[in-house]
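Numbering (the numbering used here), first residue to last: 174 to 242.
By construction, the Cβ of each residue, glycine as well, lies at the ideal position given by its N, Cα and C atoms.
Reading through the structure tokens given below for one structure.
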């Protein structure tokens with residue numbers, strides 16, 4: 174069964190990670206078969222200043238505007 178590496182910006186709660194781990198595990202078991210015990214998920218929290226897209230650090234990007242603004 175698979176090992177899934179999840180890289181995301183830091184700041185997610187344990188509850189969010191727990192829910193994502195369960196959803197990914199369920200998807201693997203439903204799609205690939207096997208048991209949930211065979212699915213490993215590794216979370217890597219990355220600071221915005223350690224991630225860049227298009228040559229720009231995410232910490233330098235403007236904060237997203239709230240919906241309806």
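Separation of the CB atoms of residue 179 and residue 217 is rounded to 7 Å, and the pair is thereby assigned contact status at 8 Å. Residue 221 carries a helical assignment under DSSP once its states are collapsed to helix, strand and coil. Ranked by Cα distance from residue 181, the first of 223, 239, 195 is 223. The distance from the Cβ of residue 219 to that of residue 183 is about 6 Å, consistent with a contact at the 8 Å cut-off. Counting C-beta atoms within 10 angstroms of its own C-beta, residue 198 has 16 or more neighbours from the protein chains shown and is therefore classed as buried.
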